[in-house]
Amino acid sequence: MQTTLNTTTNGSSSPTTSANPVSTAADGSNLSDMFTKLLVAQIQHQDPLQPTDPSQFVNQLTQLSQVEALQKMASLSGNTAASLASLQAQSLGAQVGSNIMVKTQTLELSDQTVHGGFALSSGSANTAIVLTGLDGVRHTVDIGPQAAGSVQFSLDPAKLGLAPGHYSVAISTDSGLSPDVEVLGQLQGVRVGANNTTQLSVSGVGVVDASAITQFNGRSAV
């Protein structure tokens, strides 16, 4: 495939991250003890001339039971999610060393050729792969007209004059649509990350979620 490289500089911006606060529910037994004490105190200090309707106490007990049931359900759901993540990590761990295709928006360039692809819903007369380094410099690799369907590409960083490092990657088309980029890399490691997500270390890509896998290609050389 004939490619040409154009390089432009844009103002860089620092990525922002948002905190992901973790809330913890009160222990069920503590909640039950506190509720019981409050209920007893309410009964002891009620106006003898205007006693509280007993149905109100029943409603309060029902609400407590519902809260405790929801807490137990949340705990079971959390345990189930952790177990499933562990099983998924073990299953994918057996595939370490295999070559896989993953959807990605980033690349870790080295001296190795990058093999990837994308799918066009309609033809594009002007198609390009756009790589942006951490310095904000955009490198546009023109790949010419492409018909609708699957498009495969190979990027040789040395021939394109691209220094090793981290780059974002996107596809530019004359329709303005930017299809998902899939890249072939070797599965190098698996771990369970935050929120019980299974994360993969993939050569030429970096760390991605397990849901990014689109294809297993066995253990043949990339």
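Using my numbering, the letters of the sequence shown map in sequence onto residues 20 to 241. Virtual Cβ for every residue (Gly too), placed ideally from N, Cα, C.
Residue i: CB within 7 Å of a non-hydrogen atom of the ligand FAD
i	result
H185	The ligand FAD is absent from the structure shown, which contains no ligands of any kind.
Residues of its chain near residue i, where Cβ-Cβ distance is below 6 Å and the 5 sequence neighbours each way are ignored
i	result
T159	N25, A147, V149
G116	R238
T35	Because the pLDDT of T35 is 41, which lies under 50, any placement of that residue in the model is unreliable, and the question is left without a value.
S93	The question names Ser, yet the displayed sequence has Ala at residue 93. Nothing listed; no residue qualifies.
Check whether residue i and residue j have beta carbons under 8 Å apart
i	j	result
N118	R238	yes
G136	Q165	no
Q124	V200	yes
L174	V221	no
A138	S187	no
G184	G212	no
Q114	L206	yes
L111	T233	no
V202	L83	no
L106	P176	no
Outcome for residue i when other beta-carbon atoms lying within 10 angstroms are tallied against a minimum of 16
i	result
M120	buried
G223	buried
G180	exposed
A231	buried
A108	buried
G163	exposed
G204	buried
V59	exposed
F172	buried
L89	exposed
L219	buried
S191	buried
L103	exposed
Beta-carbon contacts of residue i that lie in its chain and below 7 Å, excluding the five residues immediately before and after
i	result
D193	S143, A144, N145
A167	L139, S140, S141, G142
P198	F137, A138, L139, I190
P40	Unreliable placement is indicated for P40, whose pLDDT of 42 sits below 50; the coordinate value is still reported in the next sentence. Cβ neighbours of P40 beyond the five flanking positions: none.
Limits of the unbroken beta strand (DSSP E) element including residue i
i	result
A189	184–191
A231	Here A231 belongs to no beta strand (DSSP E), and DSSP marks it neither H nor E.
A177	Here A177 belongs to no beta strand (DSSP E); instead the alpha helix (DSSP H) covers 176–179.
I148	147–152
Q207	200–211
G136	133–139
L196	Careful: L196 lies outside any beta strand (DSSP E) and carries neither H nor E.
R157	156–161
S220	217–221
Beta-carbon contacts of residue i that lie in its chain and below 8 Å, excluding the five residues immediately before and after
i	result
V226	Q218, L219, S220
Query raised in the report: Mind pulling the beta strand (DSSP E) runs of 3 or more residues that sit fully within the region 99–130?
Result: 118–123, 125–128
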